[in-house]
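K.L.:
Take this structure, written in structure tokens, and hold onto it; I'll ask about it next.
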Amino acid sequence: MDKLRSYDLASLAELLQVKLDGDATIKISGLATLANANEGDLSFYHNPLYFNDLLKSRASAVIISPQQADNFPGNKLIAEQPYICYARASHLFAVNTQENYGLAESAHIHPQARLGEKINIGNNTVVEAGASIADGVSIGANCVIGRNASIGKDSRLDHNVCIAHDVVVGQRAYIYSGVVIGSDGFGFAKEGEKYHKIAQLGSVLIGDDVEVGANTCIDRGALDDTRIGDGVKIDNQVQIAHNVEIGDNTVICGCSAVAGSARIGKNCVIAGGVGIINHVEITDNVTVTAMSLVNQSITRPGSYSSGTGLSNTLEWKKNIVRFRQLDSMAKSIKKYLTTK
Amino acid sequence: MDKLRSYDLASLAELLQVKLDGDATIKISGLATLANANEGDLSFYHNPLYFNDLLKSRASAVIISPQQADNFPGNKLIAEQPYICYARASHLFAVNTQENYGLAESAHIHPQARLGEKINIGNNTVVEAGASIADGVSIGANCVIGRNASIGKDSRLDHNVCIAHDVVVGQRAYIYSGVVIGSDGFGFAKEGEKYHKIAQLGSVLIGDDVEVGANTCIDRGALDDTRIGDGVKIDNQVQIAHNVEIGDNTVICGCSAVAGSARIGKNCVIAGGVGIINHVEITDNVTVTAMSLVNQSITRPGSYSSGTGLSNTLEWKKNIVRFRQLDSMAKSIKKYLTTK
Amino acid sequence: MDKLRSYDLASLAELLQVKLDGDATIKISGLATLANANEGDLSFYHNPLYFNDLLKSRASAVIISPQQADNFPGNKLIAEQPYICYARASHLFAVNTQENYGLAESAHIHPQARLGEKINIGNNTVVEAGASIADGVSIGANCVIGRNASIGKDSRLDHNVCIAHDVVVGQRAYIYSGVVIGSDGFGFAKEGEKYHKIAQLGSVLIGDDVEVGANTCIDRGALDDTRIGDGVKIDNQVQIAHNVEIGDNTVICGCSAVAGSARIGKNCVIAGGVGIINHVEITDNVTVTAMSLVNQSITRPGSYSSGTGLSNTLEWKKNIVRFRQLDSMAKSIKKYLTTK
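Here the protein sequences come in this chain order: A, B and C.
According to the numbering used here, the first sequence holds residues 259 to 598 in order.
According to the numbering used here, the second sequence holds residues 259 to 598 in order.
According to the numbering used here, the third sequence holds residues 259 to 598 in order.
Quick look at the structure:
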């Protein structure tokens, strides 16, 4: 690793705007969990599960709530919300992971593309005609920004990212390597046994502060646009089909798939490996647990699940035989109880 | 968006070879759903669910069946199959989304590659020795066409596509960004605790009129080839393992996975997130619903499913406990009923 | 295909260090299954399922165990473990699929990158400052090797691979096209409805002899590192989240997802499409069958499963209604049996 920046505790308290309790001159050069922290590390305590780690931690300083502060005798940064304070602190110790390319000589930037100021475009990246790259955007190597696509201010794209024509990405987006946005939706008209492709004339509109994880795909709409709200966080390997709409601040974890024209509300949490079938609507504030299949609309906030839970394979084999008999079993019981 | 082409209704009727009923001179500059259409838009009516939208539509013209034509007072294109007519019309309003690169200067085309006529090869794309690119093929940026691979006439590849050595792609294929075809199958021989890699000596053979969605992978065969039939449509993020065979006109939706040596028949529909285990055989005309696990061969046409359906998480937790007791529960019932 | 190498049977016996029984001068120019072998092909017999194929095989020679040797009258290579012998033989017939680029002129190799000897770097590949590429490494086209990342001896990367800064890949790795290693883990701190990104300060450490399939993602850790043991084999489209640890010689099949901080032991087999939720621990020697959800830790070796098995969709619909009534049904039965 590059040598991370180092701070004295007083500077950290000021940068994070929290109260300091302890030795203001101590040097902090890293962040670590309570259990793994060594001298020079800052740590944080936010979860009672780690109370024993707190007592034994070798961290030079700990971010801690005022209520818990007495439990740590060492140097402290006192924060009402230690986990959020840790999130802020993390950026103080992050290396700038994107190379400073400027406009790489090997990049292919069309003369009719519009570029803002303080832009970074990596090697071999292609920016097509009419594309618009706002101020402060940083794009890695081997990307393609399609015709008339637009990337909002201070957004960052890693490497090998494909943004198709006319796609709109908002401000402060973070798009990881291998992402494909604006590929054609999967739309066909069947005639006999053959499928005729339907040209996908919509686009993809992505709000501000959106994160799109590595190798995720978001398809363009058939006629209307696929829409991703502000503050949406999408993990790796997620598939968002054409004409999906996702409300603000919804989180979608890895390997989930959202089929065509499904609508997900605001502030939802879709765990990993979830499947959401086409045309269903999910209201705001819904949680769907891992690997569930949402095969109907969800009209009330709450948590939803499917699956059988895990079993030993031999027992499971017996139980799935019974699962297939479940309806007839239920009928027998009902009949028996009724005839008594 | 680039300004889309505009047509008068008479021209559209001629291009689509359908009967016109109404004002032949009206200008049509876009396609839209009945609900969202505005002046200048063409729309289509094919599903009774949208009957109210039809009555209220502001579309300048509607594609409609002869049986339904009386229900729309405005300008009409009369088509026996309005949805197929819409599919055809969609292409009249599509922009050409692939840049016209010609043979990009930055492309690396091996002197021993064979190129047909009217070929488009994008920036930084690598075409290795012995590769064959037929007439009318259009390839985007940052692709790799491996040694002796062959791409059939009028096929299109988007960006960052990898076609490995000796893979054969048929005519009129559409391969989206991030696709990897011809990676090694996942084959090992176990000796003690260690795995020895088995070289994958087969290839991938893809028929005509195949679509392969973004970030999908199709592995090469171990000894024989992996085979994808004519007219097969594969969505995004699908995984096709080594030696799989897929019959003509089968559709595989997003995030499905087909394990090694599985065989899928013709005219099947594999919905999203489906898993098909290795060596199973699925006959023709089978539908598998979303997120089902096909853990046995399917010998009769029809629709197949697995999973539990969605529940509230608290209720679900109670029910999965009972699922694990299902076999013993069934036995108790049987015993009780028998001993009565 | 390029013409494969051809061997006489005596040379093959020597190269594979096995006993020859038959005509030592016969020419072998390919490998094939017993059923598909023709003159000039070597085949292998290891599974009684293929006994009839053995009897009818047209192979010019067969790899066979001493116990079974009498069942094949033709030329034989006698190996204690025919399948492992086949695995070794497969490499004798493999073409070298990576182009010999040397250091491609169009590659962007930072002057501060450290390169070993006998290195192959493909077109347009970017190697950033401080990156270290050991002896014998072969990298395809359009890859990015991030700052201070390190690739161990004799490793091979295909095309469009992204290795982020500071990631460590061991020796003899095989990393397929489209892989992304070292993207940020999916970590946020929630404040009100908004999510604050947590900088991911850990890295990814990958042992020796690891295979990573096409379009797979492995995220970097939040504070500590994500760790992949020696001999681990990961298939295509797998998602490994931040701070996951995977023990030596564990196999993870296609489309599986391992959520944050999960730990998988040694010598496990995780089948395709499996989901493993965050923070669970799986002990050594565990098998998880296809598409199972591991939603709890597994402390005992063995095989584990979830799901319902496959049914006809109409029957399935009835049974999933009953699944939702399972707990109340079980209670009714219990009550009835108790009150008798």
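We treat Cβ as the ideally placed atom computed from N, Cα and C, and that holds for glycine.
Treat the numbers as computed from the prediction; the structure is a model and nothing was measured.
Could you please give the first and the last residue of the uninterrupted beta strand (DSSP E) stretch that includes residue 333 of chain B?
P.N.:
That run of the beta strand (DSSP E) goes 333-336.
K.L.:
Return the first residue and the last residue of the beta strand (DSSP E) that residue 441 of chain B is part of.
P.N.:
First-last of the beta strand (DSSP E) with residue 441 of chain B: 438-441.
K.L.:
The beta strand (DSSP E) that contains residue 276 of chain A, what's its start and end?
P.N.:
Unbroken run through residue 276 of chain A: none, as it is neither H nor E.
K.L.:
What does the alpha-carbon distance come out to for the pair residue 403 of chain C and residue 396 of chain C?
P.N.:
Roughly 12 Å between the two C-alpha positions.
K.L.:
Once you ignore the five residues that flank residue 470 of chain B on each side, which residues in its own chain have a CB closer than 6 Å to its CB?
P.N.:
Closer than 6 Å at Cβ, skipping near neighbours: 433, 437 and 492.
K.L.:
What are the start and end residues of the beta strand (DSSP E) that includes residue 319 of chain A?
P.N.:
Here the beta strand (DSSP E) through residue 319 of chain A covers 319-322.
K.L.:
Beta-carbon within less than 6 Å of residue 417 of chain C's beta-carbon, same chain only, minus the 5 sequence neighbours each way: which residues are those?
P.N.:
So the qualifying residues of the chain are 398, 399, 400 and 435.
K.L.:
For a minimum of 3 consecutive residues, which ranges assigned as the beta strand (DSSP E) are wholly contained in the region 390-469 of chain A?
P.N.:
You should have 438-441, 446-449, 452-455 and 462-464.
K.L.:
Let me know the secondary structure DSSP gives residue 478 of chain C once reduced to three states.
P.N.:
Note: residue 478 of chain C maps to coil in three-state DSSP.
K.L.:
Give me the Cβ distance between residue 461 of chain B and residue 483 of chain B, rounded to the nearest whole Å; I'm assuming they're in contact under 8 Å.
P.N.:
Yes, they are in contact, since the Cβ atoms of residue 461 of chain B and residue 483 of chain B sit about 5 Å apart, within 8 Å.
K.L.:
Could you check how far apart the C-beta atoms of residue 561 of chain C and residue 545 of chain C are, in whole angstroms? I think they sit under 8 Å.
P.N.:
So it is a contact: roughly 4 Å between Cβ atoms.
K.L.:
What residues of chain A sit near residue 552 of chain C, judged by a beta carbon separation below 8 Å?
P.N.:
Within 8 Å Cβ-Cβ: 568.
K.L.:
Am I right that residue 340 of chain A and residue 303 of chain A are in contact with their C-beta atoms under 8 Å? What's the rounded C-beta distance?
P.N.:
The Cβ separation is near 6 Å, so the contact holds.
K.L.:
Count the other C-beta atoms from every protein chain shown that fall within 10 angstroms of the C-beta of residue 264 of chain C, then say buried if there are 16 or more, exposed otherwise.
P.N.:
By the neighbour-count rule (16 or more Cβ atoms within 10 Å), residue 264 of chain C is not buried but exposed.
K.L.:
In angstroms with no decimal places, state the Cα-to-Cα distance between residue 587 of chain A and residue 591 of chain B.
P.N.:
Between residue 587 of chain A and residue 591 of chain B, the C-alpha separation is close to 9 Å.
K.L.:
Between which two residues does the alpha helix (DSSP H) holding residue 596 of chain B run?
P.N.:
Here the alpha helix (DSSP H) through residue 596 of chain B covers 584-597.
K.L.:
Take residue 611 of chain A as the anchor and find which of A:270, A:415, A:407 and A:508 has the nearest alpha-carbon.
P.N.:
Chain A is shown only over 259 to 598; residue 611 of chain A falls outside these bounds and no answer can be derived.
K.L.:
Hey, could you find the ends of the beta strand (DSSP E) residue 485 of chain A is sitting in?
P.N.:
Where residue 485 of chain A is concerned, the enclosing beta strand (DSSP E) stretches over 484-486.
K.L.:
Three-state secondary structure (DSSP) at residue 580 of chain B?
P.N.:
Of the three classes helix, strand and coil, the one that applies to residue 580 of chain B here is helix, per DSSP.
K.L.:
With DSSP as the reference, label residue 265 of chain A as helix, strand or coil.
P.N.:
Note: residue 265 of chain A maps to strand in three-state DSSP.
K.L.:
Can you find a CB in chain C that lies within less than 9 Å of the CB of residue 664 of chain A?
P.N.:
Residue 664 of chain A is absent from the model: chain A starts at 259 and stops at 598.
K.L.:
Roughly how many whole angstroms lie between the Cα atoms of residue 324 of chain C and residue 270 of chain C?
P.N.:
Computed Cα separation, rounded: 17 Å.
K.L.:
What are the boundary residues of the beta strand (DSSP E) that includes residue 562 of chain B?
P.N.:
Note, residue 562 of chain B: beta strand (DSSP E), 560-563.
K.L.:
Note the first and the last residue of the continuous alpha helix (DSSP H) segment covering residue 300 of chain C.
P.N.:
Looking at the DSSP string, residue 300 of chain C is not in any alpha helix (DSSP H); the run it does join, the beta strand (DSSP E), is 299-302.
K.L.:
Is the Cβ of residue 539 of chain A closer than 9 Å to any Cβ of chain B?
P.N.:
No - not a single Cβ of chain B is within 9 Å of the one on residue 539 of chain A.
K.L.:
Only counting the same chain, and skipping five residues up and downstream in sequence, which positions put a Cβ closer than 6 Å to that of residue 439 of chain A?
P.N.:
Closer than 6 Å at the Cβ level, and outside the excluded window around residue 439 of chain A, lie 421, 425, 462 and 476.
K.L.:
Please state whether the Cβ-Cβ distance between residue 413 of chain A and residue 574 of chain B is less than 9 Å.
P.N.:
Result no, Cβ atoms of residue 413 of chain A and residue 574 of chain B do not sit closer than 9 Å.
K.L.:
Since residue 509 of chain B and residue 528 of chain B are thought to touch, with beta carbons under 8 Å apart, how far apart are those beta carbons, to the nearest angstrom?
P.N.:
Correct: roughly 7 Å between the Cβ atoms.
K.L.:
Report the residue ranges of all beta strand (DSSP E) runs contained in full by the region 513-565 of chain C; include only those spanning at least 3 residues, in chain order.
P.N.:
As far as the region 513-565 of chain C is concerned, its whole beta strand (DSSP E) runs of at least 3 residues are 544-546 and 560-563.
K.L.:
In chain order, what residues of the same chain have a beta carbon less than 7 Å from the beta carbon of residue 392 of chain B, not counting five sequence neighbours either side?
P.N.:
Excluding residues within five positions, the ones whose Cβ falls inside 7 Å are 374, 409, 410 and 411.
K.L.:
Taking a Cβ distance cut-off of 8 Å, strictly less, list which residues of the region 391-410 of chain B are near chain A, in chain order.
P.N.:
For the region 391-410 of chain B, which is checked against every Cβ of chain A, the residues closer than 8 Å are 398, 399 and 400.
K.L.:
Let me see if you follow: with CB-CB separation under 9 Å, is residue 294 of chain B close to chain A or not?
P.N.:
So, interface residue.
K.L.:
Between the alpha carbons of residue 284 of chain A and residue 266 of chain A, how many angstroms are there, rounded?
P.N.:
Answer to the nearest angstrom: the Cα atoms are 5 Å apart.
K.L.:
Could you give the residue range of the alpha helix (DSSP H) that holds residue 377 of chain B?
P.N.:
Residue 377 of chain B -> no alpha helix (DSSP H), and no H or E assigned at all.
K.L.:
Examine chain C for any beta-carbon lying closer than 9 Å to the beta-carbon of residue 386 of chain A, and answer yes or no.
P.N.:
By this cut-off, residue 386 of chain A is not an interface position.
K.L.:
For residue 430 of chain C, which option in C:468, C:554, C:315 and C:443 has the closest C-alpha, if you only look at C-alpha atoms?
P.N.:
Measuring from the Cα of residue 430 of chain C, the nearest candidate turns out to be C:468.
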